[in-house]
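A quick write-up on the structure given underneath.
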Amino acid sequence: MALRLMTQLSVVLLLLTLPTTRRSMSVRSVFTKRARIAITNYAFLAFSDITYLSLLPVVFAVPVKNGGLGFSPRTIGVILGLQGIVTSLFQACFFAPLHRRFGNKKIYVTGYICYLFLILLLPVLHTLATLEMTRTVWVALALLLVFSCPAFTAFSCMAIYVNSSAPSKDSLGTLNGISQTIIAIIRAIGPAAATSLFSLSVEKNILGGYCVYAILLGMIFVGIGASRWLKDEGRAYQ
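The following block contains the structure:
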């Protein structure tokens, strides 16, 4: 009995000494104009990224006559692995100094514009493969790696934008939850949309089989336009 009483007293004292619970933030209070701008741009970035990454192995694997490059699985693995290593090293070594020098917005916009060139290079690669210009194909693949480096840094910039758009520290979790939910939906839809458009473009020979790239380029141009509402951010929140 005495042990139970001491245990209950300890629990009461523990509850009394715990810090007060922070006031929960409503979705409306978190979803400010700055947050909407940041998440909208995040959505464009995520869509451009996931559609590009979905098309890349498809274009590599599909035969040249069907709009691809006809690479072997080993070659595809080497290229994708090299892309991952190069972009990771670039991010680790150069993002911080570049961000300090040029600011968040310039790095983001530059990175996002690089997706324009990444998408453009896919039909260029196929055209070069059709013309059997093998050496030029590998030069274009090297350019693909070069443009991938700044493109993938855009996600680090966007993380800063999303966090800096939070009205307070307490709202960071709610805001990130909202943004990640939206991005997860886009990442679920994007691959199916991109690969289906690729198949339809080639099968129906729409715009010479390049209709998918025209649509994706159009989306990127809209995303570039949306980025003009972004401002340079240096803080995690206000």
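For the sequence shown, position 237 (counting from the first letter as 1) is numbered 1203 according to this note's numbering, and the numbering increases by one without interruption.
From the three backbone atoms N, C-alpha and C, an ideal C-beta is built for every residue, glycine too.
Next item on the list: Please state whether DSSP places Pro1029 in a helix, a strand or coil.
Entry: In the structure shown, Pro1029 sits in coil (DSSP, three-state: anything other than H, G, I, E or B).
(request) Check Arg970 in the structure and name its three-state DSSP category. (result) Residue placement at Arg970 cannot be trusted, given a pLDDT of 41 that sits under 50; the coordinates are not used to answer.
Open item on the list: Restricting to Cα atoms, I'd like to know which of Leu1091, Thr1147, Ala1108 and Thr1076 is closest to Phe1121.
Closed with: Minimum Cα distance to Phe1121 is reached at Thr1076.
*asked:* Judging by CA-CA distance, which residue of Val1103, Ser1167 and Thr1161 is the nearest neighbour of Pro1023?
replied: With distances taken between Cα atoms, Pro1023 lies closest to Thr1161.
Practice prompt. Report buried or exposed for Asn1171, applying the criterion of at least 16 other Cβ atoms within 10 angstroms of its Cβ.
Written response: Residue burial annotation: Asn1171 is exposed, with fewer than 16 other C-beta atoms found within 10 angstroms of its C-beta.
Under the rule that 16 or more other beta-carbon atoms within 10 Å means buried, what is Val1188, buried or exposed? Within 10 angstroms of the beta-carbon of Val1188 lie fewer than 16 other beta-carbons, which makes it exposed.
Exercise for review: Could you work out which residue in Ser1114, Ser1165, Ala1150 and Ser1167 is closest to Ile1085 when comparing CA atoms only?
Suggested key: Checking every option, the nearest Cα to that of Ile1085 belongs to Ser1114.
Evaluate Val1030 with the Cβ neighbour count: other Cβ atoms within 10 Å of its Cβ, from every protein chain shown; 16 or more gives buried, anything less gives exposed. Val1030 counts as exposed, since fewer than 16 other beta carbons sit within 10 angstroms of its beta carbon.
### Task
Count the other C-beta atoms from every protein chain shown that fall within 10 angstroms of the C-beta of Arg1194, then say buried if there are 16 or more, exposed otherwise.
Counting Cβ neighbours within 10 Å, Arg1194 comes out exposed, since fewer than 16 surround it.
If I follow the unbroken alpha helix (DSSP H) through Pro1157, where does it start and stop?
Per DSSP, Pro1157 is one residue of the alpha helix (DSSP H) stretching across Leu1138 to Lys1170.
Open item on the list: Less than 8 Å between the C-beta atoms of Ile1005 and Ser1145, yes or no?
Closed with: In this structure, the beta-carbon distance from Ile1005 to Ser1145 falls below 8 Å.
message: Count Cβ pairs between the region 1151 to 1160 and the region 1088 to 1100 that sit closer than 8 Å; are there 3 or more?
response: They do not touch, by the three-pair rule.
query = If you draw a straight line from the C-alpha of Ser1054 to the C-alpha of Ser995, how long is it?
reply = Taking the straight line from one Cα to the other gives about 36 Å.
For this session: Compute the beta-carbon to beta-carbon distance between Leu1196 and Asn1032, rounded to the nearest angstrom, for a pair I have assumed lies under 8 Å.
Result: So it is not a contact: roughly 39 Å between Cβ atoms.
I believe Thr1119 touches Ile1073 by the beta-carbon criterion, under 8 Å. Please report the beta-carbon distance rounded to the nearest angstrom. For Thr1119 against Ile1073, the beta-carbon gap comes to about 6 Å, under 8 Å, which counts as contact.
Problem - Close-in-space but distant-in-sequence residues of the same chain around Phe1013 (CB under 6 Å, 5 per side omitted) - result: If we look at Phe1013 and ignore the five residues flanking it on each side, its Cβ neighbours are Ile1152 and Gly1156.
Checklist line | CB of Ala1106 within 8 Å of CB of Leu1087, strictly | finding: With respect to Leu1087, Ala1106 sits close: the two C-beta atoms are nearer than 8 Å.
So, is Met1099 buried or exposed, given that buried needs 16 or more other C-beta atoms within 10 angstroms?
Looking at its Cβ environment, which holds fewer than 16 other Cβ atoms inside 10 Å, Met1099 is exposed.
Pro1039, buried or exposed, once every other Cβ within 10 Å from all chains shown has been counted against 16
So Pro1039 ends up on the exposed side.
Three-state secondary structure (DSSP) at Pro1023?
It is helical.
Practice task
Find the nearest neighbour of Val1128 within the set Gly1043, Pro1116, Leu1019 and Lys1071, judged by alpha-carbon distance.
Solution key: Of the residues Gly1043, Pro1116, Leu1019 and Lys1071, the one whose Cα lies closest to the Cα of Val1128 is Lys1071.
Check: If you draw a straight line from the C-alpha of Thr1017 to the C-alpha of Ile1186, how long is it?
Finding: Our two residues, Thr1017 and Ile1186, have alpha carbons roughly 11 Å apart in a direct line.
When you compare the CB positions of Met1124 and Leu1011, do they come within less than 8 Å of one another, or not? At the C-beta level, Met1124 and Leu1011 come within 8 Å of one another.
Practice item. Determine the extent of the alpha helix (DSSP H) in which Phe1037 is found, giving its start and end residues. Key: Taken as a continuous stretch (DSSP letters only), Phe1037 belongs to no alpha helix (DSSP H), as it is neither H nor E.
When you compare only the Cα positions, how much space is there between Ile1149 and Ala1009?
In a straight line, the C-alpha of Ile1149 is about 6 Å away from that of Ala1009.
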